[in-house]
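Residue numbers (the working numbering): 3 to 66. Note that CB positions come from ideal geometry on N, CA and C, so glycine has one too. Since the model is a prediction, treat every value here as computed from it, not as a measurement.
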C-alpha cells in the first residue's frame with residue numbers, strides 16, 4: 003500500500019509532530035473501519051530487481 007496524504011500544520015515543530023501523529027492515527031482508523039487490512043507497522047517489504055525478498059519484521063524499538 004502506497005499513499006500520499008497532504009495536510010496543513012502550524013509551522014512550530016511541536017504542533018507539527020502532534021498534527022502528524024493525529025493524521026496518521028486518523029488515516030489508519032479510517033482505512034480499518036472501511037475493512038482495509040493493513041500490514042503490521044513493524045513489517046517492511048523490500049523488492050530489488052525482479053525478485054522480492056522475504057518480509058523482514060523489525061521490532062518497533064529497533065526502528066527509532
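Express the C-alpha separation of residue j and residue i in angstroms, rounding to a whole number.
i	j	result
residue 11	residue 5	19 Å
residue 33	residue 23	16 Å
residue 30	residue 17	20 Å
residue 36	residue 15	32 Å
residue 7	residue 28	11 Å
residue 42	residue 13	30 Å
residue 19	residue 40	23 Å
Give me, in chain order, the residues of the same chain whose beta-carbon lies closer than 6 Å to that of residue i; leave out the 5 immediate sequence neighbours on both sides.
i	result
residue 21	11
residue 9	25
Skipping 5 residues on each side, what residues in its chain have a beta carbon closer than 7 Å to that of residue i?
i	result
residue 38	none
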